[in-house]
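There are 2 protein chains.
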Amino acid sequence: MNIILLSGGSGKRLWPLSNDIRSKQFIKIFKQEDGSYESMVQRVYRQIKAVDPEATVTIATGAVQVSSIKNQLGDDVNISVEPGRRDTFPAIALATAYLTDIEGIDPEETVVVCPVDPYVEADYFKALKGLSDQAEKEEANLVLMGIEPTYPSEKYGYIIPKDSNSTSEVSTFKEKPTAEVAKEYISQGALWNGGVFAYKLKYVLNKAHELIDFADYNDLYDKYNTLTKISFDYAVVEKEEKIQVQRFNGQWKDLGTWNTLTEAMEDKVVGKGILNEECDGVHIVNETDLPILAMGLHDVVISASPDGILVSDKEQSSYIKPYVDSIVQQIMFAEKSWGNYRVMDVESESMTIKVTLNPGHSMNYHSHNHRDEVWVVLSGTGKTIVDGMEQSVKAGDVITMSSGCCHTVIAETELKLIEVQLGREISVEDKELHKLK
Amino acid sequence: MNIILLSGGSGKRLWPLSNDIRSKQFIKIFKQEDGSYESMVQRVYRQIKAVDPEATVTIATGAVQVSSIKNQLGDDVNISVEPGRRDTFPAIALATAYLTDIEGIDPEETVVVCPVDPYVEADYFKALKGLSDQAEKEEANLVLMGIEPTYPSEKYGYIIPKDSNSTSEVSTFKEKPTAEVAKEYISQGALWNGGVFAYKLKYVLNKAHELIDFADYNDLYDKYNTLTKISFDYAVVEKEEKIQVQRFNGQWKDLGTWNTLTEAMEDKVVGKGILNEECDGVHIVNETDLPILAMGLHDVVISASPDGILVSDKEQSSYIKPYVDSIVQQIMFAEKSWGNYRVMDVESESMTIKVTLNPGHSMNYHSHNHRDEVWVVLSGTGKTIVDGMEQSVKAGDVITMSSGCCHTVIAETELKLIEVQLGREISVEDKELHKLK
């Protein structure tokens, strides 16, 4: 089975764990059997591999997520990187071209496209296989998943099937309705449209060539930022005559708010936290080292990260966005392809960060124009290259770098260091990349 | 007026702002006219000086609080340091001997003793003056303040006066009663005993010599830890025949729990914090750099410090102690006489702290047996002395110190630095002081 996972943009509705550069799918919140925690993207990837170890998984996403994906899934995962934001039709067209032109998959093969962030069980992935098998038959050009509604939601579009068979032709699509109208749709046998569908690669390739003038993947990639923004639903799905829907009645949850996310949590406390006996319906998700003590609270979520602390009534948590927008702050924690960094201290003319490099990884070779830097190695071994000079480093070693000097550090084992940045204009933009000779 | 302020021990009931080494009286929570915040001890000291600029204030406290007191009140304040914990009679006897023998005050003068942590207004300090003036007359050996009760509290002892005059002889004392019994006392004209009283210095000196064999202040200080633990109430007050009480009917609050403390807060938010409109009766006291967002909460206190995060129903907050006792942690922030330090990162074989030295101040000249250290100066100017070698330092300078090497830093201007400690056994006990030649 070929799968394209759409890994969507940033969002603040799960602040302080999601922010401008960190999407909710990367929050490690789901307990695994060994007691450690995994993120939505790790969970979905693991689930796919459990159902179909041979599955080819390609993640379609923006450049900003590449580091997090590699950090969480390893370097071997296929990533179709979108050079900009152009809505879902260009994204799916690009990913489809990536499958044929880069991964070398036969255009006669089918692919299933689905979002990376539904909270589902193994039966969902078996259903994806069902979509793929159905598309294989070419009875239709597109085979959609129709999720059997559990309540008259206003959050989803609806698919009206022609009949109530497990596979049916689609009669029509309905936009997100009011709850009242949703009830009516459901009484007519309508299904939720979860944005999950299968097709033969050649079908979307042909659609793409109809709408866009391009030669191949590389050409499409190069002109990506000039493409018209248009959704796949609007460009393709709603216009397609030969279209089927397959019913799915297993668990399918959208964990987009703290209220829904905490429902899916196995433990009430992730990270350091204590709930007293008077607490009821309280969840703590704590990514900081600070212990959290909660007393006498009801239906409250508490979350802390290097970005901030949220304490919210669970219902109220869905109204978080404007408040988070009002908090202007720099990114305090980031996962990178080579490891991660955390801002520990910010002064007017200095910034102190902690850098963790994964074994075998290194930073880019770079320099800064407006700041000096000092590294103090806390643990691990590796080597630094400063203006071309190599040096082995271990715990306790200090490296000083004046502005303009080119530098990198390469980790042998996991390597942790404190970086002190000093200067009047400290900014992430002040960074020039260099080639290592 | 001479005043002895009793600055009591540590406590965890205002965790995470109070802890084993930081008492509640040092929390900066009260807004001043210029918008900055002051602590209880700063507030009381300022209030005394406003009522009587000539007042001689002596703070009686344990060694652990000396750094915080000097940091908050400056070096000029008189401190009678108790070498151990011996209850209030030895403490008051020592402070009284300090006044005569160290500050050189005539034993014929009076002194007022009061706790450092009541939340009061200017009229309270005028009432202290009243106690002092009354003690001056020598109608009685002790003149107590009797606070007119506002409710039948179970938290205080009661004083039954002989009559309802503003100054009266004391009929008897009552231990902390039940609310029912308190009502009865109040109907009989009883007053709260706030532990505030005035006497002539010679009176307590004589009592001390009756009960303890000592020559002078220095002798009493030297044998302090051998003294019997006994309260001033039990040793002196309850046995005294010539004893009067003066009524006080102004504001007098004991801010010992989060519930009572937040009642005295002018602002709902101290530090970085946002309350949405659905919050009601919510207070935030945030000493960290992390912004706090509170949504849809009622009668909740949220407090964050480098030690942890509390989110508690206000009523429930009085039951905090056992939960905090269960949180084993190192001290993450401390005020010292020379400035303060904050722990930023703890790894198995390293610890990174941020040190702020006040202008003109320095650390002790010291060494460590089991750890190396690196200093990176963030801002300010000063000099370091490492194994006797002096060096001027400024932002960006790096000083490396191997274990065993003696070192200190002396701030000219306010000086901030990052200290990275490296070693297998990092402990506050690993510190030897040395004389600077």
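Line by line, the protein sequences give chains A and B. When you line the first sequence up against the numbering used here, it's residues 1 to 437, in that order. When you line the second sequence up against the numbering used here, it's residues 1001 to 1437, in that order. We treat Cβ as the ideally placed atom computed from N, Cα and C, and that holds for glycine.
The Cβ-Cβ distance between V285(A) and L17(A) falls below 8 Å. In the structure shown, Q32(A) adopts coil according to DSSP, grouped into three states.
The shortest C-alpha to C-alpha distance from E148(A) to any of K129(A), V113(A) and Y185(A) is the one to Y185(A). Of all residues in the stretch 1283-1294 of chain B, the ones placed with a Cβ closer than 7 Å to any Cβ belonging to chain A are L1290, P1291, I1292, L1293 and A1294, in chain order. Under the DSSP assignment, F1232(B) falls outside any beta strand (DSSP E), being part of the alpha helix (DSSP H) whose first and last residues are F1232 to A1235. Nearest to L1191(B) by alpha-carbon distance, out of A1215(B), T1061(B) and M1145(B), is M1145(B). Against chain A, the CB of K1416(B) has a partner CB under 8 Å away; the residue lies at that interface. Chain-order list of chain B residues neighbouring K354(A): D1345, by C-beta distance under 7 Å. Burial state of P177(A) is buried, judged by a 10 Å Cβ sphere holding 16 or more other Cβ atoms. Selection D1117(B), S1317(B) and K1207(B) evaluated against Q1042(B) yields D1117(B) as nearest (Cα-Cα). When secondary structure is reduced to three states using DSSP, M1401(B) falls in the strand class. Classified as exposed, Y151(A) has fewer than 16 neighbouring CB atoms from the shown chains inside 10 Å of its CB.
The beta carbon of Q1391(B) sits closer than 7 Å to those of K1383 and T1384, all from its chain and outside the five residues before and after it, given in chain order. Judged by DSSP secondary structure, A411(A) falls outside any alpha helix (DSSP H) and instead within the beta strand (DSSP E) spanning H407 to A411. CA-CA distance, Y224(A) to F214(A), rounds to 10 Å.
Ranking E1277(B), A1304(B), Q1246(B) and L1220(B) by CA distance to the CA of W1258(B) puts A1304(B) first. Residues of chain B with a Cβ closer than 8 Å to the Cβ of S312(A) are, in chain order, L1293, A1294, M1295, G1296 and L1297. For V1324(B), the chain A residues whose C-beta falls within less than 8 Å of its own C-beta are L293, listed in chain order. Using a C-beta cut-off of 8 Å, the stretch 242-255 of chain A makes contact with the stretch 158-178 of chain A, since at least three inter-stretch Cβ pairs fall below that distance. Annotation: the continuous beta strand (DSSP E) that includes Y341(A) extends over G339 to E347.
Looking at the DSSP output, F333(A) sits in a beta bridge with R342(A). When Cβ-Cβ separations below 8 Å define contact, I1327(B) makes contact with chain A.
Close to chain A, meaning a Cβ-Cβ distance shorter than 7 Å, are the following residues of the stretch 1365-1394 of chain B: D1372, V1374, V1376, L1378 and S1379.
One alpha carbon belongs to E210(A), the other to D106(A), and they sit about 20 Å apart. For D75(A), there is no enclosing alpha helix (DSSP H), as DSSP marks it with neither H nor E. DSSP places D1222(B) in the uninterrupted alpha helix (DSSP H) bounded by Y1217 to D1222.
Put simply, the CB of L14(A) is far from chain B, with every gap to its CB atoms at 8 Å or more. Contact between C1114(B) and V1196(B) holds: their C-beta atoms lie close to 4 Å from each other, under 8 Å.
CA-CA distance, W1338(B) to E1419(B), rounds to 16 Å. At a cut-off of 8 Å between C-beta atoms, L99(A) does not count as an interface residue with respect to chain B.
The residue among N1369(B), G1388(B), S1362(B) and E1373(B) with its C-alpha nearest the C-alpha of T1381(B) is S1362(B). Judged by DSSP secondary structure, W1375(B) falls within the beta strand (DSSP E) whose first and last residues are D1372 to S1379. At a cut-off of 8 Å, the C-beta of V269(A) has no neighbouring C-beta in chain B. For P90(A), no beta strand (DSSP E) segment is defined; the enclosing uninterrupted segment is the alpha helix (DSSP H) at T88 to D101. Taking S318(A) as the centre and dropping the five residues before and after it, the same chain places the C-beta of T257 and N259 closer than 7 Å to its C-beta, in chain order. Taking C-alpha positions only, A97(A) is separated from M351(A) by approximately 43 Å.
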